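Asks: Everything in the sequence shown is counted per my numbering, starting at 806 for the first residue and increasing by one.
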Amino acid sequence: MSSLPGFWQLRGWRACLLWPVSFVFACLLRLRRLLYRSGVLKTIPSRLPVIVVGNLSVGGTGKTPLCAELVRRFQQAGWKPAIVSRGYGGPRYEQPHLLSENDTPKTAGDEPVMLYQQTGVPVCVCVDRAAAVERVARDTDADVVFSDDGLQHLRMQRVADIVVIDGARGLGNRWVMPAGPLREPPARLAEADLIAIQDPFTAHEQAADRILHHSLPIVCERYADTGARDQTFQLRPGLVRQLSSGQVIELATLAGRRVHGVAGIGNPQRFFDSLSACGLQVEPHPLPDHHPLSVDDLSFDDDDPILLTAKDAVKLQSLTDLPDRIYEVATQIRVSEELNRAIDVLERSLRRA
């Protein structure tokens, strides 16, 4: 199941039929931004610098893994990062909730729990991200905050916006919802401090390069003659961990075998394609994003290995007596030299501020 309508990639009759609604939505978005800029709607000041890692389009772009990588990079540079999130998949927290080791995807959302376990930094969830930032500033020793998503949460003050784009889908037909996949018009890219493009991982990198550069028309003049197109990263399958025992193996040991791929993420096909590129024969089982995964979802009439994303595996960690054939696939992120340089420039600019 794909969470994105196929007609969002083209300006066909269905998209054109919905375009008048999208036009009204785009006008409302512009009005909202104008109200914030004029001070009619208030942005809440923050005691800490906030970097937003978000996207313009609906669906998975790889922003959460990139957010974890940015936390690691800033830690290496001597910063003490924290993360704030809306906490999709968990309860609706009206008041900020700092995660602890006792939290699960049911109590705090799948992505926040995954980030908390992967990074070890403070993670705070709240529908009001500005309030979450204030809680981090008050109750932790963090000196920089990363917001996993929240590009459109204008109430939260930020020092930088990082816009993450799926290089395979680009900006789709470049129309806002419901005629297209965008949460904001493409012109919003002109205000981004950094653009990071997820380069699709395939067995043939030249093919991936063609997909990236032909499907992603950067429409803003600010980026037309810069290296933004080369500010890319790849998400590659890494080590595989057996959930029942914790044993870790190389993914290559499963090459040539038929496996079940299960993914409840924004773009499940990306996960399946990455496994196929590693030589696995994948039987895909896409689920809705943030799906509350259970063992019942993994009942297949054979003994083939079942491979899950880290975001899905975290939902099963409290269970015992899991079948031995269920594995979590860790994600390795590979950042291009151009994106590395852009991240370094951003980090140094914050240090000088």
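Ideal placement from N, C-alpha and C gives every residue a C-beta, glycine not left out.
Treat the numbers as computed from the prediction; the structure is a model and nothing was measured.
(1) Would you report the Cα separation of residue 966 and residue 997, rounded to the nearest angstrom?
(2) Does the beta-carbon of residue 841 have 16 or more other beta-carbons within 10 angstroms, so that it is buried, or is it exposed?
(3) Report yes if the CB atom of residue 876 is closer than 8 Å to the CB atom of residue 926, and no otherwise.
(4) Mind checking whether residue 976 and residue 1049 have CB atoms under 8 Å apart?
(5) Using CA coordinates, which residue listed in 957, 956, 964, 893 is at the minimum distance from residue 929?
(6) For the segment 845–905, list the beta strand (DSSP E) runs that are entirely contained and at least 3 residues long, ordered along the chain.
(7) What is the DSSP secondary structure of residue 961, reduced to helix, strand or coil?
(8) Sort out for me which residues DSSP pairs residue 951 with in a bridge.
(9) Taking the DSSP output, what are the residues bridged to residue 1133?
(10) Rounding to the nearest angstrom, what Cα-Cα distance links residue 958 and residue 1000 in this structure?
(11) Taking residue 1152 as the reference, give the member of 1137, 1140, 1051, 879 with the closest Cα.
(12) Measure the Cβ-Cβ separation of residue 1002 and residue 1036 and say whether it is below 8 Å.
(13) Assign residue 923 to one of two classes, buried (16 or more other C-beta atoms within 10 Å of its C-beta) or exposed (fewer than that).
(14) Which residues does DSSP pair with residue 1002 in a beta bridge?
(15) Using only CA atoms, which one of 1091, 1055, 1158, 1157 lies nearest to residue 1135?
(16) Indicate the three-state DSSP secondary structure (helix, strand or coil) for residue 821 in the structure shown.
(17) So what does DSSP say about residue 1171, is it helix, strand or coil?
(18) In the DSSP output, what is residue 917 paired with across the bridge?
(19) Under three-state DSSP, which class holds residue 1074?
(20) Mind checking if residue 1139 is an interface residue toward chain B, Cβ cutoff 8 Å exclusive?
(21) Can you tell me whether residue 980 is buried or exposed? The criterion is at least 16 other CB atoms within 10 Å of its CB, across all chains shown.
(22) Measure the CB-CB distance between residue 942 and residue 849 and report whether it falls below 8 Å.
(23) If contacts are defined as beta-carbon pairs under 8 Å, then residue 912 and residue 896 qualify, I think. What distance do you get, rounded to the angstrom?
(24) With a threshold of 7 Å, establish whether the CB of residue 1124 neighbours any heavy atom of the ligand FMN.
(25) Is it the case that the Cβ atoms of residue 864 and residue 1071 are separated by a distance below 8 Å?
(26) Whose CA, out of 982, 978, 989, 937, lies closest to the CA of residue 825?
(27) Evaluate residue 1148 with the Cβ neighbour count: other Cβ atoms within 10 Å of its Cβ, from every protein chain shown; 16 or more gives buried, anything less gives exposed.
(28) Is DSSP giving residue 812 helix, strand or coil here?
Replies: By the coordinates alone:
(1) 5 Å
(2) exposed
(3) yes
(4) no
(5) 893
(6) 855–859, 886–890
(7) strand
(8) 856, 888
(9) 1046, 1113
(10) 18 Å
(11) 879
(12) yes
(13) buried
(14) 970, 1037
(15) 1055
(16) helix
(17) The structure shown has nothing for residue 1171, since the chain only spans 806 to 1158.
(18) DSSP lists no partner for residue 917.
(19) helix
(20) Annotation note: the requested chain B is absent from the structure, which comprises a single protein chain.
(21) buried
(22) no
(23) 7 Å
(24) The model depicted lacks the ligand FMN and carries no ligand whatsoever.
(25) yes
(26) 982
(27) buried
(28) helix
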